[in-house]
Amino acid sequence: MNLMKCREFEEIVQPLVRLELLDVNLRETALEHAWSCPRCAARMAELQAIFDASEALAASVQGEGAPERVEVALLAAFRQERQRRTAWRQTWEWAGLTVAAAGLIVAAWVSYGRWRAEISQTSNPEVAFNASGTASGDTRTALAPDSPSAAPSADAANHEADALADFVPVPYGESMEPGDAGMVVRVELTRAALGLLGYPVDQAKATQVVQADVLVGEDGWPRAVRVLQ
Amino acid sequence: MADAAEPRDVELLRRLVAGDESAFLSFYKRHQGGIYRFALHMTGRPEAAADLVQETFMTLILEGRRYDEGRGAPAAFLYGIARNHVRRLIERESRFVPFAEETRDGNSANGNGRAPEAEIRASHEPAFDVLARDEAVKELRLAVLRLPHRYREVITLCDLEGRSYAEAAALLECPVGTVRSRLNRGRDMLADKLRPAGKTSRSLAGKWGGRT
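One line per chain: the protein sequences are A and B, in this order.
Counted the way numbering that gives the first Met the number 0 counts, the first sequence spans residues 0 to 228.
Counted the way numbering that gives the first Met the number 0 counts, the second sequence spans residues 0 to 211.
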């Protein structure tokens with residue numbers, strides 16, 4: 000005796016028709032019900048017809064694909080897009096290189112400017128020494144008679160004169176004529192040595208070391224001294 | 000299905016995005032057929048299907064780098080693009096149709112308001128007719144086109160393209176249970192549409208020569 004009801008049959012009729020119903024007993028029960036119930040048999044036949052038609056419809060387009068023109072058009076578009084991306088990437092690479100180069104140039108320029116400033120302030124600028132015994136200095140290049148910049152601006156000259164105003168001529172030394180070249184050498188020496196150069200020295204501090212700038216003429220002899228501390 | 004010796008879709012897509020033309024061609028040849036048939040069943044017109052294949056792969060060329068391996072297979076990504084284009088096409092075409100033909104179950108003809116029969120006649124595409132082997136196939140094709148969009152998708156993928164429920168779920172980015180329920184509902188709707196008005200199930204089976 001078949002115990003399946005039409006409602007239960009309706010729940011499994013789709014997998015039954017599509018052979019997706021794995022429970023053999025359930026399948027046999029459902030088929031028995033279909034034999035005994037014309038309405039459910041008709042329902043099963045209807046779904047079977049749709050299933051068959053679906054398979055036929057699927058088979059009718061099996062292997063179908065887009066026409067050749069689509070592939071050709073897409074390939075052209077792919078190449079165009081690849082070119083566009085390559086060009087864009089190269090543009091960015093060049094822009095990056097340009098920025099990096101500009102940065103390096105700016106950094107080098109700033110470093111050079113600082114180096115020049117340090118050289119002019121603390122290093123070994125070659126100076127001219129005027130005949131009156133006070134120093135006014137610049138680099139040799141700047142004060143060379145034939146140089147186009149031999150006449151520095153008044154402000155610059157005043158500044159340099161202030162910077163070198165503390166130089167004291169060495170007693171018994173040769174004087175320097177305007178335009179004579181020389182150089183400033185920073186040295187460390189004892190206060191006793193300063194006494195040899197004509198400075199008053201406290202004997203209690205005779206062994207103390209001090210820093211001094213010594214203006215040396217082209218012949219290597221000192222012309223003037225400036226005590227820094 | 001890709002052969003084990005062939006590069007995986009993920010690898011092909013990665014090379015494609017990097018500008019490898021051979022990878023693009025391999026990927027295209029592997030998937031264009033499925034996308035074309037999906038679009039054909041969804042629109043009912045070979046010309047529209049070809050255009051949709053072109054638009055889908057064009058989008059892939061331009062936006063392929065957006066693919067996220069963690070979110071699914073490349074095929075799902077590709078079908079997602081195709082589905083969006085199909086939906087846009089249907090929406091675009093619906094703007095030009097002033098009067099939608101309502102079917103018996105209250106749904107518009109094929110989602111764009113036009114009767115598929117008229118649409119197919121208007122397309123003047125003999126290739127479509129060539130595909131029809133018999134009256135049942137033709138009627139079923141038209142009935143599929145009259146299904147609402149979401150039911151048409153699962154019927155197309157599972158019943159017409161032979162995808163498993165799991166595959167369809169992955170391509171449609173929804174749970175397997177949703178695919179099952181939409182399939183059942185879609186098949187029932189198909190039966191309703193194919194059954195002559197006022198007739199019972201027996202009519203369709205008799206007309207088409209059901210086996211049971």
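Glycine residues also receive a C-beta, built at the ideal position from the N, C-alpha and C atoms.
From Gly194 (chain A) to Asp218 (chain A), what distance separates their C-alpha atoms? Taking the straight line joining both Cα atoms gives about 22 Å.
List the endpoints of the continuous beta strand (DSSP E) containing Gln13 (chain A). Membership of Gln13 (chain A) in any beta strand (DSSP E) is not indicated; the residue belongs instead to the alpha helix (DSSP H) covering Cys5 to Val16.
Close beta carbons around Leu189 (chain B), own chain, < 6 Å, minus the five adjacent residues each side: Within the same chain, Leu189 (chain B) has close Cβ partners Ala142.
Return the CA-CA distance between Ser131 (chain A) and Ser174 (chain A), expressed in angstroms with no decimal places. Note that Ser131 (chain A) has pLDDT 40, beneath the 50 cutoff, so the model's placement of it is unreliable and the number below is only indicative. The alpha-carbon atoms of Ser131 (chain A) and Ser174 (chain A) are separated by roughly 8 Å.
Inspect the beta-carbon positions of Ile11 (chain A) and Ala29 (chain A) and report whether they are closer than 9 Å. Against a cut-off of 9 Å, the Cβ pair of Ala29 (chain A) and Ile11 (chain A) comes out as a contact.
At a Cβ threshold of 9 Å, is Asp158 (chain B) touching chain A? It does; some Cβ of chain A falls within 9 Å.
Between the stretch 40-73 of chain B and chain A, which residues of the former have CB atoms less than 7 Å from a CB of the latter, in chain order? Cβ contacts with chain A: Ala49, Val52, Gln53, Phe56, Met57, Ile60 and Leu61.
Mind checking whether the beta-carbon of Val16 (chain A) lies closer than 8 Å to any heavy atom of the ligand COA? This structure lacks the ligand COA, and indeed carries no ligand of any kind.
Look at the alpha carbon of Glu152 (chain B) and the alpha carbon of Val9 (chain B), and state the distance between them as a whole number of angstroms. One Cα belongs to Glu152 (chain B), the other to Val9 (chain B), and the distance between them is close to 24 Å.
Just grab the DSSP bridge partners of Pro168 (chain A) for me. A:Ala223, per the DSSP bridge assignment.
Opposing strand residues paired with Asp292 (chain B) [DSSP bridges]: Not covered by the structure: residue 292 (chain B). The range shown for chain B is 0 to 211.
In this structure, does DSSP put Gly32 (chain B) in helix, strand or coil? Look at Gly32 (chain B) here: in three-state DSSP terms it is helix.
Which class does Leu39 (chain B) belong to by DSSP, given the choice of helix, strand or coil? In the structure shown, the three-state DSSP call for Leu39 (chain B) is helix.
Which residue comes first and which comes last in the alpha helix (DSSP H) that contains Glu138 (chain B)? Its alpha helix (DSSP H) spans residues Glu134 to Leu144.
Which residues mark the beginning and the end of the alpha helix (DSSP H) in which Glu68 (chain B) is found? If you look at Glu68 (chain B), you'll find it isn't in any alpha helix (DSSP H); DSSP assigns it neither H nor E.
Where do the ends of the alpha helix (DSSP H) carrying Gln53 (chain B) lie? That run of the alpha helix (DSSP H) goes Pro45 to Glu62.
What span of residues does the beta strand (DSSP E) with Gln210 (chain A) cover, start to end? It spans Val208 to Gly216 - the beta strand (DSSP E) in which Gln210 (chain A) sits, taken as one unbroken run.
Contacts of Asn83 (chain B) in chain A (Cβ-Cβ under 7 Å): Neighbours of Asn83 (chain B) in chain A, taken as residues whose beta carbon is under 7 Å from its own, are absent, since the nearest beta carbon is some 18 Å off.
With DSSP as the reference, label Arg185 (chain A) as helix, strand or coil. If DSSP states are grouped into helix, strand and coil, Arg185 (chain A) belongs with the strands.
Listed in chain order, which residues of the stretch 14-42 of chain B have Cβ atoms closer than 7 Å to some Cβ of chain A? If the cut-off is 7 Å between Cβ atoms, the stretch 14-42 of chain B has Gly18, Glu20, Phe23, Tyr27, Gln31, Gly32, Tyr35, Arg36 and Leu39 near chain A.
How is Val178 (chain B) classed by DSSP in three states: helix, strand or coil? The answer is helix: DSSP assigns Val178 (chain B) an H, G or I state.
Residues of the stretch 44-68 of chain A in Cβ contact with chain B at a cutoff of 9 Å, in chain order, please. Listed by position along the chain: Ala44, Glu45, Leu46, Gln47, Ala48, Ile49, Phe50, Asp51, Ala52, Ser53, Glu54, Ala55, Leu56, Ala57, Ala58, Ser59, Val60, Gln61, Gly62, Glu63, Gly64, Ala65, Pro66 and Arg68.
Extent of the continuous alpha helix (DSSP H) to which Arg14 (chain B) belongs: Where Arg14 (chain B) is concerned, the enclosing alpha helix (DSSP H) stretches over Asp8 to Val16.
Within 10 angstroms of the Cβ of Gln13 (chain A), are there 16 or more other Cβ atoms? Answer buried if so, exposed if not. Label assigned to Gln13 (chain A): buried.
Quick check: the stretch 9-18 of chain B against the stretch 197-206 of chain A, are there 3 or more CB pairs under 8 Å? At 8 Å Cβ cutoff, the stretches do not touch.
State yes or no: is the beta carbon of Val175 (chain B) nearer than 9 Å to at least one beta carbon in chain A? Look at Val175 (chain B): its C-beta is not under 9 Å from any C-beta on chain A.
Measuring only the C-alpha atoms, how far is Asp165 (chain A) from Gln210 (chain A)? The straight-line gap from Cα to Cα measures roughly 14 Å.
Buried or exposed for Ala74 (chain B), going by 16 or more other Cβ atoms inside 10 Å? That one is buried.
Please determine if the stretch 61-78 of chain A and the stretch 24-37 of chain B are in contact, where contact requires at least 3 C-beta pairs separated by less than 8 Å. As far as the Cβ criterion goes, the stretch 61-78 of chain A touches the stretch 24-37 of chain B, which means the pair count is three or higher.
Using a Cβ cut-off of 9 Å, which residues of the stretch 178-197 of chain B contact any Cβ in chain A, in chain order? Going along the stretch 178-197 of chain B in chain order, one finds Leu182, Asn183, Arg186, Asp187, Leu189, Ala190, Leu193 and Arg194 with a Cβ nearer than 9 Å to chain A.
Could you give the residue range of the alpha helix (DSSP H) that holds Tyr198 (chain A)? Careful: Tyr198 (chain A) lies outside any alpha helix (DSSP H) and carries neither H nor E.
For the alpha helix (DSSP H) holding Val23 (chain A), just list the boundary residues, first then last. Run containing Val23 (chain A): Val23 to Ser35, per the alpha helix (DSSP H) assignment.
If you draw a straight line from the C-alpha of Gly18 (chain B) to the C-alpha of Arg84 (chain A), how long is it? The alpha-carbon of Gly18 (chain B) is positioned some 9 Å away from that of Arg84 (chain A).
Would you kindly work out how many angstroms separate the C-alpha atoms of Arg42 (chain A) and Lys4 (chain A), rounded to a whole number? The alpha-carbon separation between Arg42 (chain A) and Lys4 (chain A) amounts to approximately 14 Å.
Identify each residue in the stretch 134-154 of chain B for which the Cβ-Cβ distance to at least one residue of chain A is less than 7 Å, and report them in chain order. Flagged, chain order: Ala135, Val136, Leu139 and Arg140.
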